[in-house]
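These notes are about the structure you will find just below.
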Amino acid sequence: MIHRAVLGTYFAKAYCLALALHVQHVREIRGILAIRSAKERVFTGLIAGLLVGKVIDFDATLSLTHEATFRALRRLVKQSGVEKCGVVFTT
Numbered sequence: 015m016i017h018r019a020v021l022g023t024y025f026a027k028a029y030c031l032a033l034a035l036h037v038q039h040v041r042e043i044r045g046i047l048a049i050r051s052a053k054e055r056v057f058t059g060l061i062a063g064l065l066v067g068k069v070i071d072f073d074a075t076l077s078l079t080h081e082a083t084f085r086a087l088r089r090l091v092k093q094s095g096v097e098k099c100g101v102v103f104t105t
């Protein structure tokens with residue numbers, strides 16, 4: 015039988031790790047939101063893997079309007095190495 019102190023230590027380490035990962039994620043999002051250019055913000059969001067699901071959710075995550083996000087995506091597809099694969103954008 016595992017002693018309670020050992021279980022408590024495992025829990026504490028796992029909890030600290032979860033908190034550290036959450037803080038890193040929040041800092042990454044805040045850094046992306048600090049980018050003023052919609053095109054650069056969308057590109058950085060794509061690289062960070064924030065486009066999971068619908069583009070409307072991606073808009074909300076980036077604090078951009080739907081129109082600004084689509085304009086930025088269209089420009090990225092035309093000018094850079096971003097590819098539209100059906101409804102999925104890849105870099």
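So the sequence shown is numbered by our numbering: it starts at 15 and just counts up by one. Using N, Cα and C, we set each Cβ at its ideal position, and we do this for glycine too.
Counted within 10 angstroms of its Cβ, other Cβ atoms place residue i as buried (16 or more) or exposed
i: Arg18; result: exposed
i: Arg50; result: exposed
i: Gly67; result: exposed
i: Thr83; result: buried
i: Leu33; result: exposed
i: Val86; result: The sequence given here places Ala at residue 86; Val does not occur at that position. Buried is the call here.
i: Val56; result: buried
i: Phe72; result: buried
i: Ile133; result: Outside the displayed span of the chain (15 to 105) sits residue 133, for which this structure offers no information.
For residue j and residue i, believed in contact at Cβ under 8 Å, the rounded distance
i: Leu60; j: Val96; result: 7 Å
i: Ala52; j: Leu78; result: 6 Å
i: Leu90; j: Thr75; result: Between Thr75 and Leu90 the Cβ distance is about 16 Å, and since that is not below 8 Å, they are no contact.
Sequence-distant residues of its chain with Cβ nearer than 8 Å to residue i (five each side left out)
i: Glu42; result: Ala62
Ignoring anything shorter than 4 residues or poking outside the stretch 17-65, list the alpha helix (DSSP H) runs there in chain order.
18-47, 52-61
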